[in-house]
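So the sequence shown is numbered by the UniProt record's numbering: it starts at 1 and just counts up by one. By construction, the Cβ of each residue, glycine as well, lies at the ideal position given by its N, Cα and C atoms. Quick caveat: nothing in here was measured; it's all calculated off a predicted structure. Quick notes on the structure that follows.
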Amino acid sequence: MDRDAILAASKKHDIVPGRVYKYGTAGFRMNADLLDGVTFRVGLLSALRSRKLNGQTIGVMITASHNPAVDNGVKIVDPMGDMLEQEWEVHATNLVNAPSHEELVDYFYKLADSLKIDLTSPGKVIAGRDTRPSGKTLVTALADSLAATNTAYTDFKILTTPQLHYLTRCINTAGTPGSYGEVSEVGYYKKLVEAFYRALHGRRVSGKLNVDCANGVGGPKLTELLKHHDSSKTGLEVRVANDDVLRPEVLNLDCGADFVKTRQRAPASPKPAPGERWCSLDGDADRLIYYWIDPDTGFFMLDGDRIATLAASFIADLIRTAGLEGQLRIGLIQTAYANGSSTKYVEQHLQIPVVCTPTGVKHLHHAACSYDIGVYFEANGHGTVLFSQDALQVFKTKEPQSPAQKDALDTLSALGDLINQTVGDAISDMLMVEVILAHKGWSLRDWAMTYQDLPNRLVRVEVGNKDLFRTTDAERKLSHPEHCQDEIDKVVKKYTNARSFARASGTENACRVYAEAATRSEADELANKVAAIVKAYGG
Ligand code: G16
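Have a look at this one:
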């Protein structure tokens, strides 16, 4: 590796001086104009990461997911398709914040030295990006740092975030007994569709599904998947809506999973007709929210908590039917945003243990790994179900004692292939939900009847300095600014069955406030009061 080549390449990709950059909830995310130098430096780190892991392929995804079209972001994917190891987030933050090009290169070599990385060994990186136009320029910055560090590089161009995670794992497991799939986008579609057929096991989906794709990458990719799907075999008919990727300004605008979840209403257009089945993806297709307009009661949403409870109850039933109860440990992972009723339902009704982690799928994923079956979903619709190698093995090898056991084992095995094992994946999750509803013979209304949500409200609060807000207890309490939590507690006490917390967003320049209470008006009032406290303490 040539120091001068890295220095010369770096000089083409300045960072904006005076800013402090942080590897946040999902990597670096901000206005795209600020990201050129950041992306170059993320390339340097991925070159080191690959070499540290014996030349395994590292993924780099360029996306700002649910954020507005002017933003972009960059994050690193580890070899098995999971998020960058958290210790390395610190290295990423330090590298990106190096004040000058010279100091950057010094830090790069110092890091390589302290981590005992052989810079003469080969490194490999792959990249993908969502449909934001700024992604094209940022990929150039990434390619420059990989060229300067002699790192082999493949640009997979436009992908959903989960597809990039899938490809990273496929490449690193190719030719091994744990091979995850064919290393291509088509391989991803074929794997999902084939597993969908198997998981349905002769059942049929009833009713057309309308999918709002947030005018993001999910639109064209879902259309591609459907080319590999034969609806006569499954009954699934999909209408793809909000798939305009030619006008960047409409990305996530008044549509998509984040809009539906935070506004608690259907996309502005096209207007869902009463009774139609709808779901929304977000800008990079890793979140999923279901809903319908009830002719009597109006909009009803089935969010990440509902998807988690649906999946957990179905899989727990299959485990029982398969005669595996007591043999495989199942757990459900949520964040503080989970509706209190969902937690109660899982613990008391499903009798499944619940773990609460800080926001960010990286935290949930990590916690889910300690179970044989780890179901994790954020309320915003981001999540998946992880199966341990032992569990997958048992599904395939256990000798069934009855046709019902065989059915359960086959379905579990198919779910292991259908559900993305690397990260939350809206398209894979959508097929999973369709499988479960088909098995249970349920409509969205039947699904909604399982428990009643506590009314809740999520508010975004712009503050002078969001970094003043620090949390403890899995983000359920503020440790800083001092006294802010005391004021929140005082307000919460005035409401029935109420809970509220505040935290700094790791993807936007704002704080988020969540409140739930016994009635809609109480939840709204509490959220507004806590938002006012946060605003007052926000600098
Ligand atoms: C990202 C993360 C999610 C997180 C969300 C919001 O989602 O992957 O785990 O819930 O940001 O995070 P925050 O509240 O810190 O802004 P996405 O879909 O935008 O990549």
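Distances between the C-beta of Ala26 and the heavy atoms of the ligand G16 include at least one below 7 Å. In chain order, Ala408, Thr411, Leu412 place their CB closer than 7 Å to the CB of Leu318, counting only its own chain and leaving out the 5 sequence neighbours on each side. 8 Å or more divides the Cβ of Arg457 from the Cβ of Ala391.
Within the same chain, Val260, Ala266, Pro272, Trp278, Cys279, Ser280, Phe299, Phe300, Met301, Leu302, Leu444 come within 8 Å of Tyr291 by CB-CB distance, once the 5 residues on both sides are set aside.
Looking from the CA of Ile62, the closest CA among Asp36, Asp82, Leu53, Asn54 belongs to Asp36. Excluding sequence positions up to five before and after Asp243, its CB lies within less than 6 Å of the CB of Cys213, Gly219, all in the same chain and listed in chain order. Relative to the ligand G16, His365 has its C-beta separated by 7 Å or more from all heavy atoms. Counted as a single uninterrupted DSSP element, the alpha helix (DSSP H) harbouring Cys170 occupies residues 161-173.
Here the region 346-354 makes no contact with the region 463-472; the two share fewer than three CB pairs at distances below 8 Å. By the beta-carbon neighbour count (other beta carbons within 10 angstroms, threshold 16), Ala268 is exposed.
In this chain, Val90 is not harboured by any beta strand (DSSP E); it is covered by the alpha helix (DSSP H) spanning 86-96. Distances from the CB of Val42 to the heavy atoms of the ligand G16 are all 7 Å or more. Relative to the non-hydrogen atoms of the ligand G16, the Cβ of Gly416 never comes closer than 7 Å to any of them. DSSP places Asp82 outside both helix and strand once states are collapsed to three, so it counts as coil. About 5 Å separates the Cβ atoms of Leu209 and Val238, confirming a contact at the 8 Å cut-off. Here the alpha carbons of Lys136 and Thr154 stand approximately 14 Å from one another. A Cβ-Cβ separation of about 6 Å places Thr57 in contact with Thr168 under the 8 Å criterion. Going by DSSP, Arg520 is part of the alpha helix (DSSP H) stretching over 520-537. Annotation for Leu415: Ala199 place their beta carbon closer than 6 Å to its own, counting only its chain and skipping 5 residues before and after. Under the three-state reduction of DSSP, Lys477 is assigned to strand.
CA-CA distance, Asn150 to Ser134, rounds to 25 Å.
As DSSP reads the structure, Asn31 sits in a beta bridge with Asp71.
In the displayed model, Tyr337 falls within coil according to three-state DSSP, outside both helix and strand. Taking a 10 Å sphere around the C-beta of Asn54, we find fewer than 16 other C-beta atoms and assign the residue as exposed. Counting along the chain, the unbroken beta strand (DSSP E) around Phe156 starts and ends at 152-158. CA-CA distance, Thr397 to Gly381, rounds to 33 Å.
Rounded to the nearest whole angstrom, the CA to CA distance from Asp453 to His228 is 37 Å.
In the DSSP secondary-structure assignment, Tyr514 is bridged to Leu458, Phe501.
With 16 or more other Cβ atoms inside 10 Å of its own Cβ, Gln485 counts as buried. Taken atom to atom, the span from the alpha-carbon of Ala523 to that of Pro455 is near 6 Å. Taking C-beta atoms as the reference points, Gly187 and Asp130 fail to come closer than 8 Å. Not one heavy atom of the ligand G16 falls within 7 Å of the beta-carbon of Val74. Distances taken from the Cβ of Ser280 to the heavy atoms of the ligand G16 include none shorter than 7 Å. Your pair Ala426 and Ala285 checks out as a contact, with CB atoms roughly 5 Å apart and the cut at 8 Å. The beta carbon of Asp429 sits no closer than 7 Å to any heavy atom of the ligand G16. For Phe299, the secondary structure class from DSSP, reduced to helix, strand or coil, is strand.
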